[in-house]
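*Asks:* Sequences listed follow chains A and B, in order. In terms of the working numbering, the first sequence is residues 2 to 526. In terms of the working numbering, the second sequence is residues 3 to 450. Just so it is clear, CB atoms sit at the ideal spot from N, CA and C, and this is done for glycine as well. Take this structure first; my questions come after.
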Amino acid sequence: MKTEGRPTSPVAANGNLPQTVSGSKALDQATKLIFETGTPRRTGVDLPTPKGTKSRLGGHARKGEIGLPGLSEPETMRHYVRLSQKNYAIDLGVYPLGSCTMKHNPRLNEKIARMPGFADVHPLQPIQTAQGALEVLSVLSHWLMTLCNMPAVALTPKAGAHGELCGMMAIRARLDHDGASHKRRVLVPESAHGTNPATAVQCGFSVDEIPANAGGRVDMDALRAKLEGLGEDSDIAGIMLTNPNTCGLFENDIIEIADLIHAAGGYFYCDGANFNALVGRVRPGDLGVDAMHINLHKTFSTPHGGGGPGSGPTVLSEALKDHAPVPYVVAGKDGFDLVEHPTNSPGAKSFGRMCAFHGNMGMYTRALSYMMSHGSDGLKQATEDAVLNANYVQASLSDVMTTAFEGTCMHEALFDDRFLKGTGVETLDFAKAMIDEGYHPMTMYFPLVVHGAMLIEPTESESKGELDRFIQSMRSLATRAKAGDVESFKQAPVYAPMRRLDETRAARKPVLRWTPPSDVAEAAE
Amino acid sequence: MRYLPLNANDRAQMLDVIGVKSIDDLFNDVPKSARLKGLIDLPEHQSEQSVEQFFQRLSNKSTPAGSLPFFCGAGAYKHHIPATVDHLIQRSEFLTAYTPYQPEISQGTLQALFEFQTQVALLTGMEVANASMYDGSTACAEAVVMAHRVARGKKSKAILAPGLHPHYAAATQTLASTLNIKIDERDTRMGRDVNVIDLIDDDTSCVVVQSPNVFGEIIDLKPIAEKAHAHKALLIAVFTEPVALAAITPPGEQGADIVVGEGQGLGVGLAFGGPHVGLFACRQKLVRQMPGRVCGETVDANGDRGFVLTLSTREQHIRREKATSNICTNSGLCCLAFTIHMSLLGDAGIKQLAALNHEKACDLADVIDGIDGAFVENETFFNEFAVRLDRPAAQVVDAMVEKGVIAGVPLSRLAPDADENLLLVCATETSSDEDIAAFGTALKEVLS
Numbered sequence: 002m003k004t005e006g007r008p009t010s011p012v013a014a015n016g017n018l019p020q021t022v023s024g025s026k027a028l029d030q031a032t033k034l035i036f037e038t039g040t041p042r043r044t045g046v047d048l049p050t051p052k053g054t055k056s057r058l059g060g061h062a063r064k065g066e067i068g069l070p071g072l073s074e075p076e077t078m079r080h081y082v083r084l085s086q087k088n089y090a091i092d093l094g095v096y097p098l099g100s101c102t103m104k105h106n107p108r109l110n111e112k113i114a115r116m117p118g119f120a121d122v123h124p125l126q127p128i129q130t131a132q133g134a135l136e137v138l139s140v141l142s143h144w145l146m147t148l149c150n151m152p153a154v155a156l157t158p159k160a161g162a163h164g165e166l167c168g169m170m171a172i173r174a175r176l177d178h179d180g181a182s183h184k185r186r187v188l189v190p191e192s193a194h195g196t197n198p199a200t201a202v203q204c205g206f207s208v209d210e211i212p213a214n215a216g217g218r219v220d221m222d223a224l225r226a227k228l229e230g231l232g233e234d235s236d237i238a239g240i241m242l243t244n245p246n247t248c249g250l251f252e253n254d255i256i257e258i259a260d261l262i263h264a265a266g267g268y269f270y271c272d273g274a275n276f277n278a279l280v281g282r283v284r285p286g287d288l289g290v291d292a293m294h295i296n297l298h299k300t301f302s303t304p305h306g307g308g309g310p311g312s313g314p315t316v317l318s319e320a321l322k323d324h325a326p327v328p329y330v331v332a333g334k335d336g337f338d339l340v341e342h343p344t345n346s347p348g349a350k351s352f353g354r355m356c357a358f359h360g361n362m363g364m365y366t367r368a369l370s371y372m373m374s375h376g377s378d379g380l381k382q383a384t385e386d387a388v389l390n391a392n393y394v395q396a397s398l399s400d401v402m403t404t405a406f407e408g409t410c411m412h413e414a415l416f417d418d419r420f421l422k423g424t425g426v427e428t429l430d431f432a433k434a435m436i437d438e439g440y441h442p443m444t445m446y447f448p449l450v451v452h453g454a455m456l457i458e459p460t461e462s463e464s465k466g467e468l469d470r471f472i473q474s475m476r477s478l479a480t481r482a483k484a485g486d487v488e489s490f491k492q493a494p495v496y497a498p499m500r501r502l503d504e505t506r507a508a509r510k511p512v513l514r515w516t517p518p519s520d521v522a523e524a525a526e
Numbered sequence: 003m004r005y006l007p008l009n010a011n012d013r014a015q016m017l018d019v020i021g022v023k024s025i026d027d028l029f030n031d032v033p034k035s036a037r038l039k040g041l042i043d044l045p046e047h048q049s050e051q052s053v054e055q056f057f058q059r060l061s062n063k064s065t066p067a068g069s070l071p072f073f074c075g076a077g078a079y080k081h082h083i084p085a086t087v088d089h090l091i092q093r094s095e096f097l098t099a100y101t102p103y104q105p106e107i108s109q110g111t112l113q114a115l116f117e118f119q120t121q122v123a124l125l126t127g128m129e130v131a132n133a134s135m136y137d138g139s140t141a142c143a144e145a146v147v148m149a150h151r152v153a154r155g156k157k158s159k160a161i162l163a164p165g166l167h168p169h170y171a172a173a174t175q176t177l178a179s180t181l182n183i184k185i186d187e188r189d190t191r192m193g194r195d196v197n198v199i200d201l202i203d204d205d206t207s208c209v210v211v212q213s214p215n216v217f218g219e220i221i222d223l224k225p226i227a228e229k230a231h232a233h234k235a236l237l238i239a240v241f242t243e244p245v246a247l248a249a250i251t252p253p254g255e256q257g258a259d260i261v262v263g264e265g266q267g268l269g270v271g272l273a274f275g276g277p278h279v280g281l282f283a284c285r286q287k288l289v290r291q292m293p294g295r296v297c298g299e300t301v302d303a304n305g306d307r308g309f310v311l312t313l314s315t316r317e318q319h320i321r322r323e324k325a326t327s328n329i330c331t332n333s334g335l336c337c338l339a340f341t342i343h344m345s346l347l348g349d350a351g352i353k354q355l356a357a358l359n360h361e362k363a364c365d366l367a368d369v370i371d372g373i374d375g376a377f378v379e380n381e382t383f384f385n386e387f388a389v390r391l392d393r394p395a396a397q398v399v400d401a402m403v404e405k406g407v408i409a410g411v412p413l414s415r416l417a418p419d420a421d422e423n424l425l426l427v428c429a430t431e432t433s434s435d436e437d438i439a440a441f442g443t444a445l446k447e448v449l450s
């Protein structure tokens, strides 16, 4: 471009931003719903024209329009690329959601998951034609069992909460098998993920809450009071305990907890959401655990995809392994084979089936690729770096923010809102201000045992430089809050694609789908 | 290690800031007896190239569905997926985002979910849909639990109609068994002669009917819905092939109260059975009993339209032990694939796709009907049907593998006590005329 005689430096910006006619703001493109831009007659695929001479639908043919708008390929591409640009992502910046483990998602794993011998294999095609896929299940099982020092793993659970169901159903199956169907009480710490009590109830158990002590761990006096002297024939089915717990702390009495629960004839379910703090340094099997799910989408880097798919393989102890769900892979005479029906499991003790097929193969390949890339040395290093990063953040912020508990943490640092007391700024406002700083907020208001909780999990994927910038932003926000700059916090975010959204309104009068404007008008009448 | 940015110098500086001497000091809460010394007995780290080679070798040990004439259906379907779909779902902003808990910086995922929910509602003919379940089978199980909840404990029985995919029935029984929901084993057998209408009574909370069912037969849901409603029971309609809904009268127009099914057939690959995407739709009045996440419309502080996750008071993170389900992570990225594929298709495209599927299946049925020792059992079907053979179907399938054709799924693989001579076959738009001819030739040779 010829620049002579033209201004190449901008005039000073003025503060009043004009409204645009298009509703777009430069790179941030206004994007209507496909229902407002597409039409039912347009299509972005070219298919052969059916001859239309045969029908075996028997009078069940669908009549009339479905109402699905179509877009051409360029319109589709643009629509979803525009939408994508309204999302925050781990590939964009620090995503320190505590308990969610937003670590780097290696692209090698994506490439491997798409290899045709895994991606284009039908779950029911003849077993002799799916040997490569079955070998992945077998090798992955070996890695998971070895890392956990557990004798069995059920791969099929589709996500962490599904893994919880798997473990608790295995416990229930074992209790029923032993004629102990009066054992229906499950202990759950008050700091637990909401999925734990929900799972226990979904398995037909009742939930008995255990309080936390002042140090953020299980209150051992309360636990002993509940369990001591009950004996094996008690009504205790087990305990569901996260370790490290949701406060980011290792339950240092864990072995005594396991002993107490076993003495009461119960089983120890460990919520493995935070296994990424232990891999390569601590094996759950050495802690007395009977069942634990592993979130492949947290610990082993499979992408979260905006809310799944996940994968929740569940390791099982000697006491529970015969009750594992079907299907699972076994070594057969000519290669790998599958046990697909409970009647074919040892002693026919399998508790049944959790889902249609073999679980989430697409996650198995990604997770195994991650594990093999790291190896035993790299996995241990990743664990150590995750714990180191969390402690570095905690140590660097503890003078301006208030840490919930004394001492070092594991893979995540927990702060409470005492440092905001009297400022008028709340945890939510603080989180929204982080958005303007270019960060995804930490997990907020969880765990429930801490007031205004802010749970920060940087993971091992962050460099020291990135963490230093994050710390600088957090320190500056804390200082601003204390200096009385409430208004800017209440307004935040101002630089995001949208301002704060009205969640109350969404829940009060739910609009869960698009409706043609004429129908909306009719409904209003 | 290529995925770890910290170096030794960084680590030393950081330990210093923390005020500890070594990394071991950060693991002091671990009981001494459980502290590992040294490395776990697994291979050490490997280069990208070497990991890729390992998996390439394993991949080569499987036979991809796209590499030969292929006719398996029964819950997972081989369809062509436009290249646009896989490209878009690999955008970092979709792939590497978490559940949209912070709506101001998650509108991409949220708007796509709103579009997804609308598309699912339209396709099933229902009023509302949620933001997905793990797969069709778990959606089915959750629907039965939901119906039980709607009945407020006053009804004890769920009826699973014969013809419900045996894996769906099994997953449902697993979940229902712990909640004292009675499922009569007799009603789940693979017989085709049971009239489900006769089983519905006042103690029935729901009746679960798949259409097209596992045999491929299309079921008239209307009379079942009428009988169910007369007894204040819910009709749960199930499907395993979403493309079928573009061809047949949708369950929502036949009185279904809840519709659940598998969405894999649109935009999501086979992947040996997962990840797939469970679709879940229901009547508006039941929405507060629905499991799973749901996205709703609202406005921001400027009054601009936006979307948020809503009705979370049903969910585990708020309601804990009183939640409608324990589900949390679902099938987000597969929803997106479904939605993008649906957006490319539109009404015109999906109807054409469905018509092609039906035509290919009709062609396949004609070929089979001309072969001695094999006949098509169905009166009606969409893109899959049951073939009665004069010998065990598993033997025939194995023999046809030797001839380079993957013929279908023996019913006995799904249910060990089922008729071993029945073979379930499926044809889609990916089945070429040559593939169908190859099926005929191979089957004729094997049966002769």
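Buried or exposed, going by whether 16 or more other CB atoms sit within 10 Å of the CB of Glu323 (chain B)?
*Replies:* Numbered from 1 along the second sequence, position 321 holds the residue referred to as residue 323 (chain B). By the 10 Å Cβ count, Glu323 (chain B) comes out buried.
*Asks:* Quick check on the DSSP output: the beta strand (DSSP E) that includes His294 (chain A) runs from which residue to which?
*Replies:* On the first sequence, position 293 is the one that residue 294 (chain A) refers to. Per DSSP, His294 (chain A) belongs to the beta strand (DSSP E) from 292-294.
*Asks:* Is the Cβ-Cβ distance between Glu504 (chain A) and Thr300 (chain B) less than 9 Å?
*Replies:* Here residue 504 (chain A) corresponds to residue number 503 of the first sequence, with the count starting at 1. Here residue 300 (chain B) corresponds to residue number 298 of the second sequence, with the count starting at 1. Yes, the pair counts as a contact, with Cβ atoms nearer than the cut-off.
*Asks:* Decide yes or no for the touch test of the stretch 245-263 of chain B against the stretch 349-368 of chain B: beta carbon pairs closer than 8 Å, at least 3 of them.
*Replies:* Touching, yes, given that three or more Cβ pairs across the two stretches are closer than 8 Å.
*Asks:* May I ask you to report which of helix, strand or coil DSSP gives Leu502 (chain A)?
*Replies:* As a first step, residue 502 (chain A) must be located in the first sequence, where it is residue number 501. Correct three-state label for Leu502 (chain A): strand.
*Asks:* Contact between the stretch 90-105 of chain A and the stretch 57-75 of chain A: three or more CB pairs below 8 Å?
*Replies:* Flag = no, the stretch 90-105 of chain A and the stretch 57-75 of chain A do not touch.
*Asks:* Below 9 Å between beta carbons is the criterion; list the residues of the stretch 295-312 of chain A that meet it against any residue of chain B, in chain order.
*Replies:* Listed by position, the residues of the stretch 295-312 of chain A near chain B (Cβ gap below 9 Å) are Asn296, His298, Ser302, Pro304, His305, Gly306, Gly307, Gly308, Gly309, Pro310, Gly311, Ser312.
*Asks:* What are the uninterrupted segments assigned as alpha helix (DSSP H) that are 4 or more residues long and contained completely in the stretch 120-185 of chain A, given in chain order?
*Replies:* Listed in chain order, they are 132-149, 161-178.
*Asks:* What residues in its chain sit with their C-beta under 8 Å from that of Ala173 (chain B), if we drop five residues either side in the sequence?
*Replies:* Working through the second sequence from its first residue, we reach residue 173 (chain B) at position 171. Correct list, in chain order: Ser139, Thr140, Cys142, Ala143.
*Asks:* Please report the straight-line C-alpha distance between Pro326 (chain A) and Arg367 (chain A), rounded to a whole angstrom.
*Replies:* Taking the first sequence and counting its residues from 1, one reaches residue 326 (chain A) at position 325. Taking the first sequence and counting its residues from 1, one reaches residue 367 (chain A) at position 366. Using only the alpha carbons, I get a separation of about 23 Å.
*Asks:* With burial defined as no fewer than 16 other Cβ atoms inside 10 Å of the residue's Cβ, what is the status of Ser24 (chain B): buried or exposed?
*Replies:* Taking the second sequence and counting its residues from 1, the one referred to as residue 24 (chain B) is at position 22. Classification of Ser24 (chain B): exposed, given that the 10 Å Cβ count is below 16.
*Asks:* Of the residues A:Ile113, A:Leu69, A:Asp234, which one's Cα is nearest the Cα of Ser52 (chain B)?
*Replies:* The sequence position of residue 52 (chain B) within the second sequence is 50, counting from 1. The shortest Cα separation from Ser52 (chain B) among A:Ile113, A:Leu69, A:Asp234 belongs to A:Ile113.
*Asks:* Tell me which residue opens and which closes the beta strand (DSSP E) that Leu237 (chain B) is part of.
*Replies:* Translated into the one-based positions of the second sequence, residue 237 (chain B) becomes position 235. 236-241 is the span of the beta strand (DSSP E), which, as asked, contains Leu237 (chain B).
*Asks:* Which residues, in chain order, does the stretch 171-189 of chain B contribute to contact with chain A at a C-beta distance below 8 Å?
*Replies:* Correct list: Ala172, Ala173, Gln175, Thr176, Leu177, Ser179, Thr180, Leu181, Asn182.
*Asks:* Buried or exposed, going by whether 16 or more other CB atoms sit within 10 Å of the CB of Val448 (chain B)?
*Replies:* As a first step, residue 448 (chain B) is located in the second sequence; it is residue number 446 there, counting from the start. That one is buried.
*Asks:* Is it right to say Gly280 (chain B) is buried, meaning 16 or more other beta carbons lie within 10 angstroms of its own, or is it exposed?
*Replies:* For the purposes of this step, residue 280 (chain B) is taken as residue 278 along the second sequence, with counting starting at 1. Gly280 (chain B) comes out buried.
*Asks:* Would you report the Cα separation of Glu233 (chain A) and Met169 (chain A), rounded to the nearest angstrom?
*Replies:* The sequence position of residue 233 (chain A) within the first sequence is 232, counting from 1. The sequence position of residue 169 (chain A) within the first sequence is 168, counting from 1. In a straight line, the C-alpha of Glu233 (chain A) is about 18 Å away from that of Met169 (chain A).
*Asks:* In terms of residue numbering, what span does the alpha helix (DSSP H) encompassing Gly522 (chain B) cover?
*Replies:* Missing from the structure shown is residue 522 (chain B); chain B here goes from 3 to 450 and no further.
*Asks:* At a threshold of 8 Å, does Thr180 (chain B) count as lining the ligand HEM (C-beta to nearest heavy atom)?
*Replies:* Absence of the ligand HEM is noted for the structure shown, with no ligands found whatsoever.
*Asks:* What whole-angstrom Cβ distance do Gly195 (chain A) and Thr315 (chain A) have, given they're in contact under 8 Å?
*Replies:* Here residue 195 (chain A) refers to the residue found at position 194 when the first sequence is read from its first residue. Here residue 315 (chain A) refers to the residue found at position 314 when the first sequence is read from its first residue. About 19 Å; that fails the 8 Å criterion.
*Asks:* Locate the beta strand (DSSP E) running through Cys428 (chain B), then write down its first and last residues.
*Replies:* As a position in the second sequence, residue 428 (chain B) is number 426, starting the count at 1. From DSSP, the beta strand (DSSP E) with Cys428 (chain B) extends over 424-428.
*Asks:* Is the beta carbon of Pro494 (chain A) sitting closer than 9 Å to the one on Lys87 (chain A)?
*Replies:* Start at 1 with the first residue of the first sequence, and residue 494 (chain A) comes out as number 493. Start at 1 with the first residue of the first sequence, and residue 87 (chain A) comes out as number 86. Taking 9 Å as the Cβ cut-off, Pro494 (chain A) and Lys87 (chain A) do not qualify as a contacting pair.
*Asks:* If we cut at 9 Å on Cβ distances, does Met192 (chain B) have a partner in chain A?
*Replies:* Here residue 192 (chain B) is taken as the residue at index 190 of the second sequence, counted from 1. Confidence in Met192 (chain B) is poor, its pLDDT being 49 and thus under 50, which makes the residue's placement unreliable; the coordinate value appears in the next sentence. It does not; no Cβ of chain A falls within 9 Å.
*Asks:* How would you write the range of the beta strand (DSSP E) that Leu339 (chain A) sits in, first residue to last?
*Replies:* The sequence position of residue 339 (chain A) within the first sequence is 338, counting from 1. 336-340 is the span of the beta strand (DSSP E), which, as asked, contains Leu339 (chain A).
*Asks:* What span of residues does the alpha helix (DSSP H) with Gln318 (chain B) cover, start to end?
*Replies:* Position 316 of the second sequence, counted from the start, is the residue given in the question as residue 318 (chain B). Residues 318-321.
*Asks:* Is Gln291 (chain B) close to chain A, meaning its C-beta is less than 9 Å from at least one C-beta of that chain?
*Replies:* In the second sequence, counting from the first residue as 1, residue 291 (chain B) sits at position 289. Output row for Gln291 (chain B): interface = no.
*Asks:* Ordered along the chain, which non-local residues of its own chain (more than five positions away) have a Cβ less than 6 Å from that of Leu335 (chain B)?
*Replies:* In the second sequence, the residue the question calls residue 335 (chain B) occupies position 333. Excluding positions up to five away in sequence, the list reads Ile91.
*Asks:* If we require 4 or more residues per run, which alpha helix (DSSP H) segments fall completely within the stretch 129-199 of chain B?
*Replies:* Runs of the alpha helix (DSSP H) inside the stretch 129-199 of chain B: 138-152, 168-179, 187-190.
*Asks:* Who are the near neighbours of Gly308 (chain B) in its chain, counting only those whose CB is closer than 7 Å to its CB and skipping five residues on each side?
*Replies:* Here residue 308 (chain B) refers to the residue found at position 306 when the second sequence is read from its first residue. Taken in chain order, the residues that qualify are Pro105, Gln109, Thr300, Val301, Asp302.
*Asks:* Taking the beta strand (DSSP E) that Ala376 (chain B) falls in, what are its first and last residues?
*Replies:* Translated into positions along the second sequence, residue 376 (chain B) becomes position 374. 376-378 is the extent of the beta strand (DSSP E) around Ala376 (chain B).
*Asks:* Counting C-beta neighbours from all protein chains within 10 Å, is the total for Pro518 (chain A) 16 or more, i.e. buried, or is it exposed?
*Replies:* Working through the first sequence from its first residue, we reach residue 518 (chain A) at position 517. Per the 10 Å Cβ criterion, exposed.
*Asks:* Out of A:Arg509, A:Gln395, A:Gly485, A:Ser489, which has the shortest C-alpha to C-alpha gap to Glu16 (chain B)?
*Replies:* Position 14 of the second sequence holds residue 16 (chain B). The sequence shown places Met at residue 16 (chain B), rather than the Glu named in the question. Of the listed residues, the one whose Cα sits closest to Met16 (chain B) is A:Gln395.
*Asks:* Ordered along the chain, which non-local residues of its own chain (more than five positions away) have a Cβ less than 8 Å from that of Thr86 (chain B)?
*Replies:* As a position in the second sequence, residue 86 (chain B) is number 84, starting the count at 1. Contacts found: Ile342, Leu346.
*Asks:* Using three-state DSSP, classify Cys271 (chain A) as helix, strand or coil.
*Replies:* In the first sequence, the residue the question calls residue 271 (chain A) occupies position 270. Here Cys271 (chain A) sits in strand by DSSP.
*Asks:* Is Phe274 (chain B) closer than 9 Å to Ala131 (chain A) when the C-beta atoms are compared?
*Replies:* Here residue 131 (chain A) refers to the residue found at position 130 when the first sequence is read from its first residue. Here residue 274 (chain B) refers to the residue found at position 272 when the second sequence is read from its first residue. Yes, they are a contact pair.
*Asks:* If you count every other CB in all the chains shown that lies within 10 Å of the CB of Thr21 (chain A), and 16 or more means buried, which is it?
*Replies:* Reading the first sequence from its first residue, position 20 is the one you call residue 21 (chain A). Exposed, since its Cβ has fewer than 16 Cβ neighbours within 10 Å.
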